[in-house]
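Working notes, structure below.
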Amino acid sequence: MPDAPVRVRIAPAPTGSLHVGNARTALYNYLFARHHGGAFILRIEDTDRVRSTDEAIQVVYESLHWLGIQWDEGPDVGGEFGPYRQSEKLTRYAEVTEVLRTGGHAYPCYCTPEELDERRKAAMAQGRSPGYDGRCRRLTEAERAELDAEGRPHAMRFAMPGEDLTVTDLIRGEAHFPAVDLQDFVIVRSDGSPTYMLAAAVDDADMAMTHVIRGEDLLPSTPRQLAIFRALGAEPPAYAHLPLIVGSDRQPLSKRHGSVAVETFRQDGFLPDALVNYLALLGWSYDEETTFFTRDELIERFDLSRVSHNPAAFDVEKLTWLNGHYLREAPDEALAAMFVDRLREAGVEADPEVVLAAVPVVKTRIKTLADVPGMLRFLFEDVEPDQKAAAFLGPERSEYLTEVVSRLEALEGWDHEAIKGTLDALREERGLSSKQGLHPVRAAITGALISPPLYESMELLGRDRSLERLRRAAGV
RNA sequence: GCCCCCAUCGUCUAGCGGCCCAGGAUACCGCCCUUUCAAGGCGGCGACACGGGUUCGAAUCCCGUUGGGGGUACCA
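Numbers given in my numbering equal positions in the first sequence, counted from 1, plus 2.
If you want it as structure tokens, here you go:
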């Protein structure tokens, strides 16, 4: 198996958004494939037709594209192991079911959900394993014919081999499952549709997967899928189960913890590089100290043996910090383009030239792109001073601001150095602290007490508009 | 209930028998820098869940307890 070219996949169910947990699974599979020079496949698990829509599939594509995770085979790009949508493989699953049935590995089950539920409860009450008791497996052909004649609907169950099974996990080692807990499970529903257990195993076999890297929640399903592989006479892939991502309270990560969909992180102003770097580190580490990784470094260094075993709590604070780092590292031109887009989304039409000039002083002051409009809006439209700023703009500042205006009017040029010199001189003459001297000006120019650097802001705003705002604040 | 997985600072983690009275990052606190706010620099606080073993020696190995997570579906 180590000699076969690596083939791995991500198999999301299109339910409307791509969960970060799925995104991380996709990332690890992608990194593993690239590291080994293998193929990364995208498969859409849409056997549940009711919940699956084409729009939801588009969201999966877009989220993965945004993260920069490219797939080599998939519904949209094709490949020699297709189709890559389970809804297009229904006849294939039926075919396999027939093979299993003929080979004595599957049988019809006529038990109703109510009956199953009742027996399950009874088993649990007695401390026994709650799985299927195998009743219909013992039916004779004559009895089955009779039930069929009555028109009783049936599901198809897989007949487990009745022996203990061992899963060898690349991350965790061996897990042993006693036969008593491995009971016959449904592979085809009474409406004829295949279940996940069947479809996933058949696809992994059909698509020649060499490794299945997925969430730990699927570890208990592995012995069952292994049994299907064996019944089919197919070579099973190697398995690796990733620790789950939980919320700050150790509960499964869900919307009440904040953002969980990749699309939402994008809207919240996170950079794909930051999310990828963060996700890479959420359950994996390279060494004692390295925190930042480029894509190429991740591909070069990713290794399943360094994936951790315990559930990881998603920490937006750290993601946010990482995002700030990537924001500061990004080229100014690229940032300017993103800033302009953000401003437009916030209803602010910004001059790209001005935005580009503002990038250097702004990029150390934002944590996400969502902070941009609040930081730069004042450059492009008049803003009402907020409450704290207003406190520095009363009539009692009128004389001071008027003096500020006249000094600045006398200025030859209009650059931050000259502005600084002028305001410094005035402050010194009057014995004003920097706060006393600058707060009123800052309030007049930016409408807030917290803003990008004042002198640079005034240079960016331009002479005319700066003076106009100061005059208005002075009440002139 | 039963089965499986897991257990180092609040959080992400390094550690795979002596290099560890436990290292890095984040968060938090302080100082420096400073036109506000950040960024940056420096420093601080802070963890081996508990109990038994094994060993000259255990965060590291074994057993148990406790705790957390997952599964137990005609969801995936």
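Glycine included, every Cβ here is placed at the ideal spot set by N, Cα and C.
- With fewer than 16 other beta carbons inside 10 angstroms of its own, P155 counts as exposed.
- Around the Cβ of P354, a 10 Å sphere holds fewer than 16 other Cβ atoms; the residue is exposed.
- In terms of Cα proximity to R103, the closest of A233, L118, V350, Q227 is A233.
- One Cα belongs to R137, the other to H107, and the distance between them is close to 15 Å.
- In this structure, the CA atom of F267 is about 13 Å from the CA atom of H259.
- The count of Cβ pairs closer than 8 Å, one atom from the stretch 161-174 and one from the stretch 218-238, reaches three, so the stretches are in contact.
- In this structure, the straight-line span from the alpha carbon of V357 to that of F294 is close to 28 Å.
- Looking at the DSSP output, V169 shares a beta bridge with A177.
- Taking 8 Å as the cut-off, the Cβ atoms of A336 and G271 do not count as close.
- DSSP places R159 within a strand segment (E or B) once states are collapsed to three.
- In the DSSP assignment, the residues bridged to A108 are F160.
- For G23, the enclosing alpha helix (DSSP H) starts and ends at 22-37.
- The C-alpha of T296 is placed about 8 Å away from the C-alpha of N279.
- Classified as exposed, R252 has fewer than 16 neighbouring CB atoms from the shown chains inside 10 Å of its CB.
- Residues of the same chain with a CB within less than 6 Å of the CB of L277, apart from the 5 flanking positions on each side, are F267 in chain order.
- Rounded to whole angstroms, E347 and P333 show a C-alpha spacing of 22 Å.
- The Cβ atoms of Y328 and L246 do not sit closer than 8 Å to each other.
- Under the three-state reduction of DSSP output, E383 falls in the coil class, being neither helix nor strand.
- Of the residues assessed, A147 falls on the exposed side of the cut-off, its CB having fewer than 16 other CB atoms within 10 angstroms.
- Taking a contact as a CB-CB distance under 8 Å, the pair P397 and G477 counts as one, their CB atoms being some 7 Å apart.
- Cβ-Cβ separation between P196 and T49: approximately 6 Å, consistent with a contact (criterion under 8 Å).
- Partner residues in the beta bridge of E75, as assigned by DSSP, are I43.
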